[in-house]
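Quick note: the sequence shown, position 36, residue 36 per my numbering, numbers continuous. All residues carry an ideal CB built from backbone N, CA and C; glycine is no exception.
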Amino acid sequence: MEELSVSNSVSSCPFAGLSSLSAQPQEPPRHYIVVGDRIKSQCSDNMFISVTAAEEMVTRLDRDESLTLHVGQGVTDEQLNTLYGFKKVLSPALNILPEDRRTRASSTVTHKLKSHNIAISAPGENGNGTYSASLMIDDANAELSDHLTGQHVSGMMVIEAARQMTIAVAEAYYVAPQAKGKVNFVTHKMDVNYRDFLLPVHTEILCIPLELRRSGASNFRFGCRLEFKQQGQCQVELGFELSVIDSRYFQLKEAQLIHQFVKRLV
Numbered sequence: 001m002e003e004l005s006v007s008n009s010v011s012s013c014p015f016a017g018l019s020s021l022s023a024q025p026q027e028p029p030r031h032y033i034v035v036g037d038r039i040k041s042q043c044s045d046n047m048f049i050s051v052t053a054a055e056e057m058v059t060r061l062d063r064d065e066s067l068t069l070h071v072g073q074g075v076t077d078e079q080l081n082t083l084y085g086f087k088k089v090l091s092p093a094l095n096i097l098p099e100d101r102r103t104r105a106s107s108t109v110t111h112k113l114k115s116h117n118i119a120i121s122a123p124g125e126n127g128n129g130t131y132s133a134s135l136m137i138d139d140a141n142a143e144l145s146d147h148l149t150g151q152h153v154s155g156m157m158v159i160e161a162a163r164q165m166t167i168a169v170a171e172a173y174y175v176a177p178q179a180k181g182k183v184n185f186v187t188h189k190m191d192v193n194y195r196d197f198l199l200p201v202h203t204e205i206l207c208i209p210l211e212l213r214r215s216g217a218s219n220f221r222f223g224c225r226l227e228f229k230q231q232g233q234c235q236v237e238l239g240f241e242l243s244v245i246d247s248r249y250f251q252l253k254e255a256q257l258i259h260q261f262v263k264r265l266v
């Protein structure tokens with residue numbers, strides 16, 4: 001009986017030790033929101049990390065670990081390329097959301113000269129008459145250079161992104177092909193309703209056209225409503241109305257106004 005008790009206390013089964021190992025709780029996947037270094041300086045929550053810290057974290061990631069990075073605001077195109085490049089190599093240990101890397105809208109459709117001042121991705125059709133893009137604020141954006149307070153996106157930055165979205169949709173989908181590069185955009189009216197703070201996290205912009213009135217081959221008036229959504233909730237709602245006019249008339253109108261102003265001075 002003594003020998004029997006000894007043999008039961010130390011099992012001869014080669015898989016006997018696995019039950020105790022599988023019972024140990026696995027480390028839950030880590031989640032972080034990646035933002036630009038300047039934006040991170042205003043964010044105290046530990047869930048927010050700078051893109052510099054994210055790149056260092058990824059280089060130390062082991063294959064048996066699990067890390068999810070949520071792309072927020074302030075990340076440059078070069079930094080996005082680096083992060084999504086790591087994802088191709090380290091997946092499934094590394095997950096980056098959104099899963100598909102968004103492409104910044106072009107200077108042609110936004111009418112911005114410097115790419116770091118373009119604050120939206122290329123707008124796409126939703127198939128129901130509306131258009132969508134992502135908010136893509138670069139850390140070097142001019143709107144951040146002199147107004148970076150608190151853990152939210154400034155109101156003026158939101159307005160600039162909405163303006164770019166309205167112009168980009170009109171340029172990409174409503175300007176006639178023969179008028180491309182020969183028109184200017186004039187804003188008539190804008191209204192904004194800030195329902196809550198817009199955090200520096202992934203944000204979808206929905207453009208809903210409300211008015212389209214053409215008055216010639218090139219000229220038309222365009223009105224739309226824009227919604228800035230985070231986790232499906234509309235945080236900011238804006239209305240925009242603008243006209244697209246022939247550049248020759250635009251320049252003539254400017255010259256006439258300057259002439260009239262100068263004439264009143266003398």
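Check, Outcome
"For D191, does the three-state DSSP call read helix, strand or coil?", "strand"
"How would you write the range of the alpha helix (DSSP H) that R248 sits in, first residue to last?", "S247 to L265"
"At what residues does the beta strand (DSSP E) containing E99 begin and finish?", "Careful: E99 lies outside any beta strand (DSSP E) and carries neither H nor E."
"Thinking C-beta only, is R102 closer than 7 angstroms to S121?", "yes"
"Inspect the beta-carbon positions of V201 and I33 and report whether they are closer than 7 angstroms.", "yes"
"With a threshold of 16 other CB atoms inside 10 Å of the CB of P92, please say whether the residue is buried or exposed.", "exposed"
"Which same chain residues end up closer than 6 angstroms to S218 when comparing Cβ atoms and leaving out the 5 residues on each side of it in sequence?", "A179, V183 and D246"
"Could you tell me whether the region 54-70 touches the region 82-90, using the rule of 3 or more Cβ pairs below 8 angstroms?", "yes"
"Given that a residue counts as buried once 16 or more other Cβ atoms are within 10 Å of its Cβ, and exposed if not, what is L198?", "buried"
"Going by CA-CA distance only, name the one from G223, V169, L238 and C224 that's closest to R195.", "L238"
"At which residues does the alpha helix (DSSP H) containing Q79 begin and terminate?", "D77 to L90"
"Decide if F261 is buried, meaning its Cβ has at least 16 other Cβ atoms within 10 Å, or exposed.", "exposed"
"By DSSP's criteria, H70 is part of a beta bridge. Which residues make up the other side?", "I33 and L97"
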